[in-house]
Amino acid sequence: MSPVIIVILIVIGIFIIVVLGNKYKWNNTIPDPFNVELEKNKLRSGTYFSGFPDLNVKIYFTYFIIESTKLLIYIYYPENRLITFILISNIKDISLQDKTYLDSRVTLTRFFTIGFWSFIFKKQEMKNGRFLVLKIQENEIEREILFHFDGENMIVYANKTYDALLNLLTQK
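All residue numbers for the sequence shown refer to our numbering, where the first residue is 78 and numbers rise by one.
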């Protein structure tokens, strides 16, 4: 086969892949989970940030479902599934903080982890937003579970979630 025919076949192959790939993307766009209306019993919890020993990564698009004794934490996208739960009786306090709260915590952690170098190496800048902080106690161990609300209308969702959870704590 001549090199000209091989080049033509490669160009046609690339063209087909690009055209079909773009057509596939157009037909299967990813829904924006923050613009999806949740059912009444679901509360947006933003992005899981930290706190659970078994979950060492950020988990985007999470929401809460309140049951009688548990606060269930689900992931919305790419699949609706239960991540973990917190017993409502273990929740000791709840607060809504701005980014300065996390900045001060992370600075101390960075200092104790990498020492003097923490002043030289800049940390990743956090965007504005709110942090929902759940202070829980399980078997004599106290920890804070953080959820980050950031983006359009997320402050409104943070306040709604905070109010609902605060109401839940005052009822227990």
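Here a beta-carbon is modelled for each residue, glycine too, at the ideal position from N, C-alpha and C.
Bear in mind the structure is a predicted one, so any value in this text is a computation, not a measurement.
For this session: Take the Cβ of Ala235 as the centre, count every other Cβ of all protein chains shown within 10 Å, and call the residue buried at 16 or more, exposed below.
Result: buried
Problem set entry | Own chain partners of Asn105 with C-beta closer than 8 Å, once the 5 adjacent residues on each side are dropped | Bear in mind that a pLDDT of 42 at Asn105, under 50, signals an unreliable position, so the number given afterwards is only what the model happens to contain. Closer than 8 Å at Cβ, skipping near neighbours: no residue.
Exercise. How big is the Cα-Cα spacing for Thr238 and Ile150?
Worked result: 13 Å
Exercise. Using DSSP with H/G/I as helix, E/B as strand and the rest coil, what is Asp170?
Worked result: strand
Exercise. Apart from the five residues just before and just after Asn244, which ones in its own chain have a Cβ nearer than 6 Å to its Cβ?
Worked result: none
For this session: State yes or no: is the C-beta of Gln174 within less than 8 Å of the C-beta of Arg207?
Result: yes
Problem set entry | Three-state secondary structure assigned by DSSP to Phe208 | strand
For this session: Starting from Ile150, follow the beta strand (DSSP E) in both directions and report where the run begins and ends.
Result: 147 to 152
Problem set entry | Reference Leu209; option with closest CA among Val233, Glu229, Glu217, Ile87 | Val233
Exercise. What residue range is occupied by the uninterrupted beta strand (DSSP E) comprising Lys119?
Worked result: 119 to 127
Exercise. Exposed or buried, which one is Ile213 when buried takes at least 16 other CB atoms within 10 Å?
Worked result: buried
Exercise. What number of angstroms, rounded off, separates the C-alpha of Trp103 from the C-alpha of Tyr137?
Worked result: Residue confidence for Trp103 is low, a pLDDT of 40 falling below 50, so the modelled location carries little weight and cannot support an answer.
For this session: Under 8 Å Cβ to Cβ from Asn118, same chain only, skipping five residues before and after it: list those, please.
Result: Ile142, Ile143
For this session: Classify Gly90 as buried or exposed, calling it buried when 16 or more other Cβ atoms lie within 10 Å of its own Cβ.
Result: exposed
Exercise. Would a C-beta distance cut-off of 8 Å place Ile222 and Gly128 closer than the cut-off?
Worked result: yes
For this session: Give the DSSP-derived three-state secondary structure of Leu86 in the structure shown.
Result: helix
Problem set entry | First through last residue of the beta strand (DSSP E) which encompasses Leu246 | Unbroken run through Leu246 is the alpha helix (DSSP H), 231 to 248; no beta strand (DSSP E).
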